[in-house]
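If you're matching positions, the sequence shown starts at 6 in my numbering and goes up one per residue.
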Amino acid sequence: MAGCAGSVRADRCTVSDLLARIDGGERIAGVDEVGRGPLAGPVVAAAVILPRPIEGLADSKALSAAKRERLCAQITAEALVGIGAASVREIDSLNILQATLLAMRRAVARLPETPTLAMVDGNQNPGLGLRTELVIKGDALVPEISAASIVAKVVRDRLMSRLARRYPHYGWHSNAGYGSALHRDAMASVGVTAHHRQSFAPLRNWLEDPERAHNVARAMNA
Numbered sequence: 006m007a008g009c010a011g012s013v014r015a016d017r018c019t020v021s022d023l024l025a026r027i028d029g030g031e032r033i034a035g036v037d038e039v040g041r042g043p044l045a046g047p048v049v050a051a052a053v054i055l056p057r058p059i060e061g062l063a064d065s066k067a068l069s070a071a072k073r074e075r076l077c078a079q080i081t082a083e084a085l086v087g088i089g090a091a092s093v094r095e096i097d098s099l100n101i102l103q104a105t106l107l108a109m110r111r112a113v114a115r116l117p118e119t120p121t122l123a124m125v126d127g128n129q130n131p132g133l134g135l136r137t138e139l140v141i142k143g144d145a146l147v148p149e150i151s152a153a154s155i156v157a158k159v160v161r162d163r164l165m166s167r168l169a170r171r172y173p174h175y176g177w178h179s180n181a182g183y184g185s186a187l188h189r190d191a192m193a194s195v196g197v198t199a200h201h202r203q204s205f206a207p208l209r210n211w212l213e214d215p216e217r218a219h220n221v222a223r224a225m226n227a
């Protein structure tokens, strides 16, 4: 068991380690986030406790949208799920790392049961107030983290698709707020919205133009 304590590389946390935990009565919550890199929209995190295995779990980025939707429906029906988010305002106020950790804490706090162990994707400890292990590339290794990555991805994509109906120019239904060519072209031609992250470099550069900064201020007050 010592091989999986603390911060864990993906090639060191073996299936036998995880099975030993389950056999020992651990209630493991996988924790992952989606949305650190986009220029717009919140960061979303999920925490998932799997009472039983679910076939087909993998890193959400390796799955088709249709398969993510199917697995998300199964996960939310069969597992214990908590979802948390940090808003664009919180991202700009705290910075993206701290906002991500905040979203993770909110996700774990919203689980219907308290886990005995949280396994978190990556190398940053969110400070969950319970025993935590960090797993590099955990979304491809640990089923609970894979499930969390799928739920977080589906929830955030749905949110960005709803925002796209209100702001159709940016292609958020397909790029989910990431800096695609369509998104950047729309920023240049239409401007930015209150859902854009002003603390991110492309937006900071925009704010150096007084006229664009005025348009952003109007959007924030709209």
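The beta carbon of each residue, even a glycine, is placed where N, CA and C say it ideally should be.
- Going by beta carbons, Ala157 and Glu60 fall outside the 9 Å limit.
- Residue pairing from DSSP places His201 in a beta bridge opposite Ala45.
- Residue pairing for Ala50: DSSP places it in a beta bridge opposite Glu38 and Gly89.
- Following the DSSP letters along the chain, one finds Val113 inside the alpha helix (DSSP H) bounded by residues Ile101 to Ala114.
- DSSP lists no beta-bridge partner residue for Glu118.
- The DSSP-derived three-state label of Leu133 is coil.
- Note on Thr119: under 16 other CB atoms within 10 angstroms of its CB, so exposed under the neighbour-count rule.
- Look at Ile155 here: in three-state DSSP terms it is helix.
- By the Cβ criterion, the stretch 79 to 86 is in contact with the stretch 42 to 60, since at least three pairs of Cβ atoms, one from each stretch, lie closer than 8 Å.
- Rounded to the nearest whole angstrom, the CA to CA distance from Pro207 to Gln103 is 20 Å.
- In the three-state scheme derived from DSSP, where H, G and I count as helix and E and B as strand, Val140 is classed as strand.
- Counted as a single uninterrupted DSSP element, the alpha helix (DSSP H) harbouring Ile80 occupies residues Ala70 to Glu83.
- Short of 6 Å from the beta carbon of Ala45, and not among the five residues preceding or following it, lie these beta carbons of its own chain, in chain order: Gly182, His200 and His201.
- In the DSSP assignment, the residues bridged to Ile33 are Leu122.
- Secondary structure at Glu60: coil, using DSSP grouped into helix, strand and coil.
- Beta-carbon to beta-carbon, Gly87 and Ala108 are separated by about 11 Å, too far to satisfy the 8 Å threshold.
- In this structure, Met165 lies near Trp177, with their beta-carbon atoms less than 9 Å apart.
- Listed in chain order, the non-local C-beta contacts of Leu62 below 6 Å within the same chain comprise Pro148, Ser151 and Ala152, local neighbours out to five positions each way being set aside.
- For the set Arg136, Val159, Ala91 and Val197, the Cα lying nearest the Cα of Ser69 is the one of Val159.
- For Ser154, the number of other beta carbons within 10 angstroms of its own is at least 16, and it is reported as buried.
- Straight-line spacing of the CA atoms in Asn128 and Val140 works out to 7 Å.
- If you draw a straight line from the Cα of Leu187 to the Cα of Tyr175, it is about 6 Å long.
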